[in-house]
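Asker:
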Amino acid sequence: MNYFNFDIKKLAIVVSLIIIPLIAVNMEHNPAERPWFVKPFIFASGVVQNMYSGFSSGVRGTTSLYLNLINIKKNNQNLQKENAELRAQLGALTELKLENQRLNNLLGFKENTKMELLTAKVIGKDLLIDHTTLTINRGTHHGVKEFMAVITIGGVVGYVIQPQTFTSQILLLTDRYASIDAIVQRSRARGIVEGLNKNTCQLNYLERDDDVKVGDKIVTSGLNNIFPKGFAVGTVTNVEKSQYDISQEVTIKPAINPFTLEEVFVVLNANKESFLKEEEQKENLNDEIINSKEITKDKVEIVE
Amino acid sequence: MNIRNLKITNYIAFLFINLALTSLQCSLWLQFFGFFPSPYMWLPTLAYWAIYREIHEGLFFSYFLVIETVALSSIPLSLFLLINLFCFGLVVLIKQRIYWSGPTYLMLISGIISIAFPIFHFFLSWAIEPKPISDTEILDGILSSLFTSLVAMPLYYLYSSIDKITNKSLPTEAGASKYE
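Those protein sequences? They're chains A and B, same order as listed.
Numbering-wise, our numbering puts 66 at position 73 of the first sequence, and it's gapless, one number per residue.
Numbering-wise, our numbering puts 83 at position 74 of the second sequence, and it's gapless, one number per residue.
#1: Beta-carbon of Leu189 of chain A versus every beta-carbon of chain B: anything under 8 angstroms?
#2: Can you tell me which residues form a DSSP beta bridge with Gly51 of chain A?
#3: Mind checking Arg131 of chain A: buried by the 16 CB within 10 Å criterion, or exposed?
#4: For Thr18 of chain B, name the three-state secondary structure that DSSP assigns.
#5: Throw me the rounded Cβ distance for the Phe89 of chain B and Ser71 of chain B pair, which I believe falls under 8 angstroms.
#6: Give me the Cβ distance between Val205 of chain A and Val243 of chain A, rounded to the nearest whole Å; I'm assuming they're in contact under 8 angstroms.
#7: Please report the distance separating the alpha-carbon of Thr113 of chain B from that of Ala80 of chain B.
#8: Which residues of chain B have a Cβ atom closer than 7 angstroms to the Cβ of Gly117 of chain A, listed in chain order?
#9: Please classify Met44 of chain A: is it buried, with 16 or more other beta-carbons within 10 angstroms of its beta-carbon, or exposed?
#10: Please tell me whether Leu121 of chain A has its Cβ less than 8 angstroms away from any Cβ of chain B.
#11: With three or more C-beta pairs closer than 8 angstroms as the rule, is the stretch 144 to 155 of chain A touching the stretch 168 to 187 of chain A?
#12: So, Asn93 of chain B versus Thr54 of chain B, is the Cβ gap smaller than 8 angstroms?
#13: In the DSSP assignment, find the beta strand (DSSP E) that holds Pro221 of chain A and state where it starts and stops.
#14: Going by the CB atoms, is the gap between Asn192 of chain A and Val184 of chain A shorter than 8 angstroms?
#15: Using beta carbons (cut-off 8 angstroms, strictly below), is His135 of chain A in contact with chain B?
#16: Using a Cβ-Cβ distance cut-off of 8 angstroms, determine whether Leu96 of chain A contacts chain B.
#17: Buried or exposed for His134 of chain A, going by 16 or more other Cβ atoms inside 10 Å?
#18: Output needed for Glu66 of chain B: all residues of its chain with C-beta closer than 7 angstroms, excluding positions within five of it in sequence on either side, in chain order.
#19: What three-state label does DSSP hand Gln34 of chain B in the structure shown?
#20: Could you check whether the Cβ of Ser83 of chain B sits closer than 7 angstroms to any heavy atom belonging to the ligand COA?
#21: Let me know the secondary structure DSSP gives Phe45 of chain B once reduced to three states.
#22: Taking Cβ-Cβ distances shorter than 8 angstroms, what residues in chain A pair up with Phe44 of chain B?
#23: What residues are listed by DSSP as bridge partners for Asp175 of chain A?
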């Protein structure tokens, strides 16, 4: 057996294979520092890894973007729905807030007056354009009677014409059939307010010499205790005196717009409530005393 | 059901629908659109009866219709009756000259009488009322006429279905329908 008979080539290969790692181990003094010949490979692998990473993140990004789009669409739909619901809620809340304010005002007015008032809600309008009436949700069952006054905080609305059991029809101040006894606040000139068209009325039966000017306030006279005394009816917008007429044409803009009303008061009993200022009330009282004195004088003279 | 019962059912159904429609015009319309001009809801019913019934039957029904509808307005009954009578006459007059079957005809007739209604109202008011109309809203009248014409279309199908249910033959080119 020849133990020394071996192939030199194979031996060289084996030795070199063993030696190379040994040399490498021997050369590696600082494990943190890579040998110079490895560095290009590290760089190259870094570049390739970056490429892979870029590619994979690109794919992942596109996929997730697509998936997100589906979610976004769903989210968008949900948010839109939620938004619509919130808007509706907001609208309802705003409406409630306004209604609350209106009702508070009405309540305040009702509490601070001597009048016996009945709150009513407007539930209908007239069938025809040329007739201006409103229907309210209060009728004879609630104590409403024909010709009872209907007012709101701002002024006169009209009066009841057809009370039914649970509803009533109100003839608005602006209807051509409406007539309300009124006075000019400044000069106490007396006339009858009658409807002319949707937005205007007329103060009729004023004498030619009666003092009335544009801008004058027209208020209720309080006659028969149907309307409270001195309650706003409207403002004079035009005065015309023709040469031969014994009266004058006075156009009035109503104090309130009856077409925006939602709640009104029916005056069950005006209780002689007066909205005149103290001075005006004194003047009124003086006038009444003078009138009664004159009447008494006349009666005495007649008796004598 | 015998013919008389069917006829009464037909009358009641039309009156009930008219009540629902006119109340809608006065109340529901107010809740949604305020005082924006509303269609004259009873006019398509009047037109339908003037077109698709014998004159005496249509006229008889129109009185019921007027009595039912006038409750929703402050207009005097006599005046309202007269205006509707004029409208009825106008429909009969037009029908004798131009006629075709279908909803478009009812739309046309409803449109015409809704324009004629305020005109008749204006002149008859001056003739009868102590305080006649002094100022009329022309634009509101035009809008109301337009809306009346539009609502006549669905109402035609509703009314013809009532006629069908109550065994009234559907309107034909010949005009008035009769009980089968």
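Note that CB positions come from ideal geometry on N, CA and C, so glycine has one too.
Answerer: According to the data block:
#1: So yes, Leu189 of chain A belongs to the interface.
#2: DSSP output for Gly51 of chain A lists no bridge partner at all.
#3: Note on Arg131 of chain A: 16 or more other CB atoms within 10 angstroms of its CB, so buried under the neighbour-count rule.
#4: DSSP places Thr18 of chain B in helix when its eight states are reduced to three.
#5: The C-beta distance from Phe89 of chain B to Ser71 of chain B rounds to 11 angstroms, too long to meet the 8 angstroms contact threshold.
#6: With 8 angstroms as the limit, Val205 of chain A and Val243 of chain A qualify as a contact, their Cβ atoms being about 6 angstroms apart.
#7: Those two C-alpha atoms are separated by around 30 angstroms.
#8: For the C-beta of Gly117 of chain A, the chain B residues within less than 7 angstroms are, from N- to C-terminus, Cys35, Ser36 and Leu39.
#9: Residue environment analysis places Met44 of chain A among the exposed positions, since fewer than 16 neighbouring C-beta atoms fall within 10 angstroms of its C-beta.
#10: A Cβ of chain B is located within less than 8 angstroms of the beta carbon of Leu121 of chain A.
#11: Touching, per the Cβ criterion.
#12: No Cβ-Cβ contact shorter than 8 angstroms links Asn93 of chain B with Thr54 of chain B.
#13: That residue, Pro221 of chain A, is in no beta strand (DSSP E); it is neither H nor E in DSSP.
#14: Going by the sequence as given, residue 184 of chain A is Gly instead of Val. With respect to the 8 angstroms criterion, Gly184 of chain A and Asn192 of chain A are not classified as neighbours on the basis of their beta carbons.
#15: Among the CB atoms of chain B, none fall inside 8 angstroms of the CB of His135 of chain A.
#16: Leu96 of chain A does not count as touching chain B.
#17: It is exposed - the Cβ of His134 of chain A has fewer than 16 other Cβ atoms within 10 Å.
#18: Around Glu66 of chain B: no qualifying Cβ.
#19: Note: Gln34 of chain B maps to helix in three-state DSSP.
#20: Absence of the ligand COA from the depicted structure is noted, as is the absence of any ligand whatsoever, leaving it without description.
#21: Under the three-state reduction of DSSP output, Phe45 of chain B falls in the coil class, being neither helix nor strand.
#22: Proximity of chain A to Phe44 of chain B at the Cβ level (cut-off 8 angstroms) is accounted for by Lys118 and Phe252, in chain order.
#23: Position check: residue 175 of chain A holds Ala in this sequence, whereas Asp was assumed. In DSSP, Ala175 of chain A forms a bridge with A:Gly184 and A:Thr213.
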